[in-house]
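Structure first, commentary second.
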Amino acid sequence: MHLPLAGKAPLDLQGLSREPVTGLYVHVPFCFHKCHYCDFYSIPSQTDERMRAFVDRLLAEAALWRASAVELRPRTIFFGGGTPSLLPLDAMRRLLEGLQSLFDLAQVDEWTIEVNPATAERDYCCMLRECGATRLSFGAQSFDRAELKMLERHHNPDDVARSVALARAAGFERINVDLIFGIPGQTMRSWLHSLETAISLGTPHISCYALTYEPNTPMAVKKRVGTIVAIDEAVELQMLQETRRRLAVKGMAPYEVSNFARPGEACRHNLLYWDGGSYLGFGPSAASHVHGVRWKNRGHIGEWERAIDDSTLPAAEVEQLTQPQRMGEHAMLRLRLTDGIDVADFAARWNDDPITRFADPITRYGRQGLLVASEKSIRLTEAGVAVADAIAAEFLTTAGR
Amino acid sequence: MQIRNFSIIAHIDHGKSTLSDRLLMRAGAITEREFQSQMLDDMDLERERGITIKASAVTVFHDHKMPDGRIEKFMLNFIDTPGHVDFHYEVQKALQACEGAILVVDATQGVQAQTVANAYAAIEVGLEIIPVINKIDLPSAQPIVVAEEIEQVLGFAAEDAIEVSAKTGKGIDELIAKLCDQLPAPRGNPEAPTRALIFDSIYDDYRGVITYVRVMDGEIRKGQKIRFMGTDKQYQVTDLGKLTPRPTQVQRIGTGEVGYIVAAIKDLHDVRIGDTVTDDDNKAAEALPGYKPSQQMVYCDFYPSGKTQYDELRDAMDRLSLNDSSFSFEPESNDALGFGFRCGFLGLLHMEIIQERLEREFNIDMIQTAPTVTYEIKQTDGKVLRIDSPSQLPNPTNVEEIREPFIKMNLILPGDTVGNMMKLCEDRRGVYQKTEYIGSTRVMLTYEMPLAEVIYDFYDRLKSATKGYGTMDFDFIGFRHGELVKVDILVNGDRVDALSVIVHRSTAEARARKLLVRLKEEIDRHLFEIPLQAAIGGKIIARETIKSVGKNVTAKCYGGDVTRKRKLLEKQKEGKKRMKRVGSVDIPQEAFMAILESGE
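First to last, the sequence lines map onto chains F and V.
The number in my numbering is simply the position in the first sequence, starting from 1, with 31 added.
The number in my numbering is simply the position in the second sequence, starting from 1, with 5 added.
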């Protein structure tokens, strides 16, 4: 069957690969308050009615896909936002159960839900666990009050430990804590305090992101007008390197630029993204990728709602990737991983030897000690990680030539 | 019928075009409405810049009341001259087609550098000069002071200057009367073999080259076989005419008259200003004196950029050179900038005009490299060669002497800014010649100076040194020995030819240091440290270092929105498109322009 599509985007469902799609992302665009660094799509302060209506529409979107020729058989599910945990308990339960009834979730071996540490409650966590979630991710960001204020995060440092305990009590072992470094006013000392505090919580996964001034966020504006001063680039670099070193020593080696985990505890859903896997994204602004076709849902909730109400897919920005683009993306994403590009895997997937194709950047950056290439893999050194974007950009264009 | 041939000469903006039009209107050749549109200048660019690039000749008829009261018909031919120093040779040829000149001086600004240059040029070819003080309608007009300046600087009696307002028409009748009474009639032998001076030519898409001539001896007839004596090309006249100011066909152009020839000439380069046209069946024994090919003194490269392709640029320049034979171009390829053209110009303004016309009329996107001058190289084997780019400089061991073009420059400026100006001139290796006073408040300074020192930002500096009042004019006087050295620039150890400069030994170090600082600003930090060095031969005379990038990694991968990540990186690369990789360093095109700005 052919589903009508909202807008002009020519998403050719018939043309999509019939291989099962193994990832599902659900974007819940509601926030209690918009953090000043965040540029993900979100709407602050919604009524329960609107959020319940949102769940109806999300399930309607899911139903459209259920009826399509695309087979969604997820192994990983990720609920991000916004703040998914802002959905009222009953609405969230309906959403989880609704997905259970629409799709075959038997193979799901990781289901992550992002939870705000300020509002986590025991009943809520238990419900999530009961309905199939296996992993919780808490946006701790910092354990320093002043820094949290700077980020406009409305939680207390103590909330995180409390939330982690609640999660454990509800039966979650797999827990992640997100941290941000490079916050204006942050010192190496205060950062290490936050990092050590997070480590002491004993979760098997920690993400440490350098603060990024995304365009059109309040943080970026404040920086531009000079009300805040970004920390020195050299200090930020030192924080990144020290973080990677310290966590490795504690048995949580980096498996990606900003992600750290005990062995076997890496986020499988993210690995699916980074390995070029296929996934569907539901909800406004959610991105999807099905075997070389990428698209993004309409970002504005109104437009997304209208599309769903018209029984059309809210897809926009559809992109059919060419083989060189896919190779470029593959290299770009894999280079961020500690394991780097698997030479045999790359060659098998694209019928193209990466050592030959990328000979130029390999030689150049190899000589500078930024990457190491062997018969098995092409991967960045610690020095290379610091400039990973520049190197990835070079691989991207080399693939396109 | 009496004939009078004259030009109007003036400093830029002193009202030459308006006066031309007013004269045409008074003689009934154009209407008031046409007067408003300054019809002699037919290119937008000229109008905007207030200068005339191509000369043209207009014929009008006037009934003049002779001193004895009789009314006699006069044919007034006025020959427009290009208004800038770059076109000095064309100015001179246009003047040679005349017996007289109207020298226009702005009543509010007085004598300026080009007033002097143009007056001297007219005196040199022996013209009768009628000084005119224009814009007397303006409240700030000072006709008496200006008349005194004219007397003091140029030697024309103050009381002979006619006060006019081209805008209101005041004094125009008096001026026309004076043209008829005072200018000499053309001489020349109507019976002698034809000799006509080519003083201008333009290219017309339908008719080919249109050649403007002043007949000195004999006549030119429709159907006549003519020969250009300098280029030795033969053509048949298909069409003859005069601009009145609309093109009007005539059967013949007689001795002393001006007009245009159409002869199915396809290539503008066959028609050289200053050349002599003669009758192919009855050739003149000798050409008119003084013909020389126009000389290109300033060179730069044009490279296509943005959406413009190499072929488009070449086609545009082909078309343009049909209209302007004094501009030349040769294919050039540069390690750093790819394929483009080496272009030669009469001077800096000429270069700017060509660049603007390419961009405006042909919608071309291009990169222009820093201009350089022509150097004369005397080799140890005695051979002398001309080079127009530092990369052409032979091996130093084969070079006995490097000579550079020198100019003689007249500067007119307020007396209290002389100190600033002299300092600027000395800094630019100027050789002081003399100081003359113009009235009580202004001074004319004369310097001899290397052209290379003027093509940087001399004009801007002149303006700031003289609070905006200074004016300049210069003339090429020859090649002179210079203590010149080639400074090479090494980026990460690799010499980049396109960045080499020829400079005076005494300023080499300072120039090199400034250049490196500019390069350091223009070249992005790389993943490794980049040494920048300037060297004369093997000797390093300056160095700078571009530090390596500390951190270039985005923390997030934007979840599943891989497209966003990819586009971010592509954007990062995008900015580097107009870069040239030398060794492993990406050098932006701006860096190649930086050598232009480092001349202090």
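Ideal Cβ positions, reconstructed from N, Cα and C, are used throughout, including at glycine.
These numbers come from a predicted model, not from an experiment.
Spatial neighbours of Ala112(V) in its chain, beta-carbon cut-off 7 Å, leaving aside the 5 residues before and after: Beyond the five residues adjoining it in sequence on each side, Ala112(V) comes within less than 7 Å, by CB distance, of Ile138, Asn139, Lys140, Ile141, Leu143, Ala146, Gln147, Pro148, Val151 in the same chain, given in chain order.
Per the contact definition of three or more C-beta pairs closer than 8 Å, is the segment 486 to 496 of chain V in contact with the segment 527 to 538 of chain V? Contact holds: three or more Cβ-Cβ distances are below 8 Å.
Flag this pair as yes or no: are the beta carbons of Val218(V) and Ile203(V) separated by less than 7 Å? With respect to Ile203(V), Val218(V) sits close: the two C-beta atoms are nearer than 7 Å.
With distances taken Cα to Cα, identify the nearest neighbour of His509(V) among Arg518(V), Lys519(V), Lys388(V), Val492(V). By alpha-carbon distance to His509(V), the top candidate from Arg518(V), Lys519(V), Lys388(V), Val492(V) is Val492(V).
If I measure Cβ to Cβ from Arg54(V) and keep anything under 7 Å in the same chain, skipping five residues before and after, which residues do I get? Only weak support is given to the placement of Arg54(V): the predicted model assigns it a pLDDT of 44, under 50, and the question is left unresolved by the model.
With C-beta atoms as the reference, is Ala560(V) less than 7 Å away from Tyr56(F)? Taking 7 Å as the cut-off, the Cβ atoms of Ala560(V) and Tyr56(F) do not count as close.
I'd like to know whether the C-beta of Gly312(F) is nearer than 7 Å to at least one C-beta of chain V. The beta-carbon of Gly312(F) is placed less than 7 Å from the nearest beta-carbon of chain V.
For Asp420(F), would you say it is in contact with chain V, using Cβ-to-Cβ distances shorter than 7 Å as the test? For Asp420(F), the answer is yes, since a Cβ of chain V falls inside 7 Å of its Cβ.
Within chain V, the residues that Thr243(F) reaches when beta carbons sit closer than 8 Å: Chain V residues near Thr243(F): Thr559, Ala560, Lys561.
Verify the CB distance criterion: does Glu141(F) have a CB-CB separation below 7 Å to chain V? So, not an interface residue.
How about Met414(V) and Met454(V): do their beta carbons lie closer than 7 Å? Yes, these two residues count as a Cβ contact at 7 Å.
At a CB-CB cut-off below 7 Å, which residues of chain V make contact with Ala423(F)? Neighbours of Ala423(F) on chain V, chain order: Leu574.
Residues of chain F with CB under 7 Å from Ser589(V), in chain order? Listed along chain F, the residues sitting closer than 7 Å to Ser589(V) by beta-carbon distance are Arg395.
Contact under 7 Å by Cβ, Asp275(V) with Thr374(V): Not in contact: Asp275(V) and Thr374(V) (Cβ atoms no closer than 7 Å).
Report the CB separation of Glu534(V) from Lys552(V) in whole angstroms; it is logged as a contact under 8 Å. Cβ-Cβ separation between Glu534(V) and Lys552(V): approximately 6 Å, consistent with a contact (criterion under 8 Å).
Starting from the beta carbon of Gly111(F), find every residue of chain V whose beta carbon is closer than 8 Å, and list them in chain order. Correct list: Gly564.
Who does Gln384(V) pair with in a DSSP beta bridge? Bridge partners of Gln384(V): Val404(V).
According to DSSP, which residues form a beta bridge with Asn328(F)? According to DSSP, which records beta bridges pairwise, Asn328(F) is partnered with Ala346(F).
Taking 7 Å as the cut-off, decide whether the C-beta atoms of Leu363(V) and Val303(V) are in contact. Taking 7 Å as the Cβ cut-off, Leu363(V) and Val303(V) do not qualify as a contacting pair.
Going along the chain, which residues of its own chain have a beta-carbon closer than 8 Å to the beta-carbon of Ala200(F), five neighbours each way excluded? Apart from the 5 residues on each side of it in sequence, Ala200(F) sits with its Cβ closer than 8 Å to the Cβ of Arg153, Cys156 in its chain, given in chain order.
Distance, Cα to Cα, Thr243(V) vs Tyr452(V)? Cα to Cα, Thr243(V) sits roughly 49 Å from Tyr452(V).
Endpoints, alpha helix (DSSP H) assigned at Asn207(F): Element bounds for Asn207(F): not the alpha helix (DSSP H) but the beta strand (DSSP E), 205 to 212.
I need the DSSP call for Arg293(F), collapsed to helix, strand or coil. Here Arg293(F) sits in coil by DSSP.
For chain F, find out if any of its Cβ atoms is closer than 7 Å to the Cβ of Gly555(V); answer yes or no. Cβ-Cβ to chain F under 7 Å: yes for Gly555(V).
Where Glu357(V) and Val109(V) are concerned, what is the direct C-alpha to C-alpha distance, given to the nearest angstrom? A straight-line Cα-Cα distance of about 26 Å links Glu357(V) and Val109(V).
Taking the beta carbon of Val558(V) as the centre, do at least 16 other beta carbons fall within 10 Å, making it buried, or is it exposed? Buried, because 16 or more other Cβ atoms sit within 10 Å of the Cβ of Val558(V).
Decide if Leu159(V) is buried, meaning its Cβ has at least 16 other Cβ atoms within 10 Å, or exposed. Its Cβ being crowded by 16 or more others within 10 Å, Leu159(V) is buried.
Residues in the same chain with beta-carbon distance under 8 Å from Pro198(V), minus the five sequence neighbours each way, listed in chain order, please. Only residues of its own chain outside the window of five on either side were considered, and among them Asp222, Gly223, Thr283, Asp284, Asn287, Lys288, Ala289, Ala290 have a CB closer than 8 Å to the CB of Pro198(V), listed in chain order.
For chain F, is any of its Cβ atoms less than 7 Å away from the one on Val567(V)? Val567(V) counts as touching chain F.
For Gln272(F) and chain V, any beta-carbon pair shorter than 7 Å? For Gln272(F), the answer is no, since every Cβ of chain V falls outside 7 Å of its Cβ.
What's the gap between the Cα of Thr86(V) and the Cα of Val63(V)? Rounded to whole angstroms, the separation of the alpha carbons of Val63(V) and Thr86(V) is 12 Å.
His186(F), enclosing alpha helix (DSSP H) - first and last residue: Per DSSP, His186(F) belongs to no alpha helix (DSSP H) and is neither H nor E.
According to DSSP, is Met477(V) part of a helix, a strand, or is it coil? In the structure shown, the three-state DSSP call for Met477(V) is strand.
Beta strand (DSSP E) runs contained entirely in the segment 248 to 300 of chain V, provided each spans 3 or more residues: For the segment 248 to 300 of chain V, whole beta strand (DSSP E) runs of length 3 or above, ordered along the chain, are 252 to 254, 263 to 267, 281 to 284.
Taking the alpha carbon of Ile407(V) as the point to measure from, which residue in Ile392(V), Gly420(V), Thr23(V) has its own alpha carbon closest? Residue Ile392(V) is the option with its Cα nearest to Ile407(V).
Just tell me which of Ser22(V), Ile278(V), Val389(V) has its CA closest to the CA of His93(V). Taking only the C-alpha atoms, the option nearest His93(V) is Ile278(V).
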